[in-house]
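Novice:
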Amino acid sequence: MTFDIAPFRELYPWQGHRLDVGGGVRLHYLDEGAGEPLVMLHGNPTWSFYYRNLVKGLAGRYRTIVPDHVGMGLSDKPGDDRYEYTLERRVRDLDLLLSTLEVKKDITLVLHDWGGMIGMVWAMRNLERVKRIVLFNTAGFGLPPDRILPWQIGVIRHLPRFQLPVRGFNAFVRGALLGCAKKPLSPLVKKAYLAPYDSWANRIAVQRFVEDIPLAPGDRSFELVDEVSRNLDKLAAIPVFIGWGAHDFVFDDHFLAEWRAKVPHAEVKYFEDAGHYVLEDVHDAILPLVEDFLRRHPIEARS
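In case it helps, the working numbering puts the sequence shown at residues 1374 to 1676.
What follows is the structure in structure tokens.
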């Protein structure tokens, strides 16, 4: 069962679509507008709602495709017996979605938080289909040197059986609302972020995303992340824009420094007045920057 979207229609007016990704598990996604495809991937613990202002601003000129990862937003929230909550499975879901929609080339990936890792794994396997990449406070590599996992996440990551705070009290989602946006969110926006995660069962993906953070060899997603990190130089021919919120307790300046080092041609806009939820804090400033980036790197510019 999905939550009631009706109270949030003024902010999120789209009906959306559903795709069976296997075993009757349905992935919800937006497919709005026409033209070059912009594929927007959210992170944990958000959902496609996070990209609502970009969809509103860009769907008049581009095809905006925004999935809710399984277990998130308006997608189904199956148990572990029906779905494997891993990075590799997320990448396969994305590949199936794009194949189903016949999105074959000139793709712009727009990535935030865990969406960055999902999108970058897919991109490395499909570089010929990727036209541009837009990044918001995310990673395409493991923890940078001299960076340790914040204790708030470390407790969940290292004690995966200790699920009561996350799944019982929704602490991760509530904590994100308090600490990820520098500017106060409206009561309605807060409710929209909380709405999909209204029960123990419906918080499974929030927990599993944290448990899947790859930190060391042997972690189930470590090899995927390590492969991406070692091959980021392959993005040299792909235009990259980075919009970075300065006040992020997870993806901080250590991560931005890694992006600068590994993707030195990337255009970077650093927002001193934004946090991890950079699209909430400064969406009015980001939209024209993204529009300009897309316009300056047209299809004809790619060989």
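Every residue gets a Cβ at the ideal spot worked out from N, C-alpha and C, and that includes glycine.
Please classify serine 1572: is it buried, with 16 or more other beta-carbons within 10 angstroms of its beta-carbon, or exposed?
Specialist: With fewer than 16 Cβ atoms within 10 Å of its Cβ, serine 1572 is classed as exposed.
Novice: How big is the Cα-Cα spacing for arginine 1462 and glutamate 1653?
Specialist: One C-alpha to the other measures close to 28 Å.
Novice: Residues in the same chain with beta-carbon distance under 6 Å from valine 1476, minus the five sequence neighbours each way, listed in chain order, please.
Specialist: Only Pro1410 meet the Cβ criterion.
Novice: If you count every other CB in all the chains shown that lies within 10 Å of the CB of arginine 1425, and 16 or more means buried, which is it?
Specialist: Buried, because 16 or more other Cβ atoms sit within 10 Å of the Cβ of arginine 1425.
Novice: What is the DSSP secondary structure of aspartate 1479, counted as helix, strand or coil?
Specialist: It is coil, neither helix nor strand.
Novice: Compare the C-alpha of leucine 1508 against each of Arg1668, His1401, Tyr1650 and name the closest.
Specialist: Among Arg1668, His1401, Tyr1650, the Cα nearest to that of leucine 1508 is on Tyr1650.
Novice: Taking the C-alpha atoms as reference points, what is the distance between serine 1421 and isoleucine 1491?
Specialist: Cα to Cα, serine 1421 sits roughly 15 Å from isoleucine 1491.
Novice: Classify serine 1559 as buried or exposed, calling it buried when 16 or more other Cβ atoms lie within 10 Å of its own Cβ.
Specialist: Exposed.
Novice: Ignoring anything shorter than 3 residues, give me the beta strand (DSSP E) runs that lie fully in the segment 1554-1632, in order along the chain.
Specialist: You should have 1613-1620.
Novice: Taking the alpha-carbon of glycine 1735 as reference, which of Glu1383, Ala1379, Phe1628 has the nearest alpha-carbon?
Specialist: The shown model of the chain, from 1374 to 1676, leaves out residue 1735, and the question about it has no answer.
Novice: Let me check understanding here. Comparing Cα to Cα, which of Cys1553, Ala1610, Pro1451 lies closest to alanine 1574?
Specialist: Closest by alpha carbon: Pro1451.
Novice: Alpha carbon to alpha carbon, how far is proline 1671 from threonine 1419? Give it in angstroms, no decimals.
Specialist: Approximately 30 Å, taken between the alpha carbons.
Novice: I'd like to know whether the C-beta atoms of arginine 1502 and isoleucine 1480 end up nearer to each other than 7 Å.
Specialist: Cβ atoms of arginine 1502 and isoleucine 1480: closer than 7 Å.
Novice: Could you give the DSSP three-state label for aspartate 1377: helix, strand or coil?
Specialist: Aspartate 1377 falls in the coil class under three-state DSSP.
Novice: Tell me which residues share the same chain as glycine 1552 and place their Cβ nearer than 7 Å to its Cβ, disregarding the 5 neighbours each side in the sequence.
Specialist: Result list for glycine 1552: Phe1622, in chain order.
Novice: So who's on the other strand from methionine 1413, going by DSSP bridges?
Specialist: Partner(s): Val1483.
Novice: Pick helix, strand or coil for glycine 1552, following the three-state DSSP scheme.
Specialist: Three-state result, glycine 1552: helix.
Novice: Whose C-alpha, out of Val1655, Met1493, His1638, is nearest the C-alpha of histidine 1620?
Specialist: For the residues Val1655, Met1493, His1638, the minimum Cα distance to histidine 1620 belongs to Val1655.
Novice: Using the three-state DSSP reduction, which class does phenylalanine 1666 fall into: helix, strand or coil?
Specialist: Of the three classes helix, strand and coil, the one that applies to phenylalanine 1666 here is helix, per DSSP.
Novice: Quick check on the burial criterion: 16 or more other C-beta atoms within 10 angstroms. Buried or exposed for tryptophan 1524?
Specialist: Confidence at tryptophan 1524 is low in this model, with a pLDDT of 45, below 50, so the placement of that residue should be treated as unreliable; the coordinate-derived value is given next. Under this definition tryptophan 1524 is an exposed residue.
Novice: Quick one: is the Cβ of alanine 1619 within less than 6 Å of any heavy atom of the ligand GDP?
Specialist: The model on display carries no ligand, and the ligand GDP is accordingly not part of it.
Novice: Would DSSP call glycine 1648 helix, strand or coil?
Specialist: Glycine 1648: strand per DSSP, three-state reduction.
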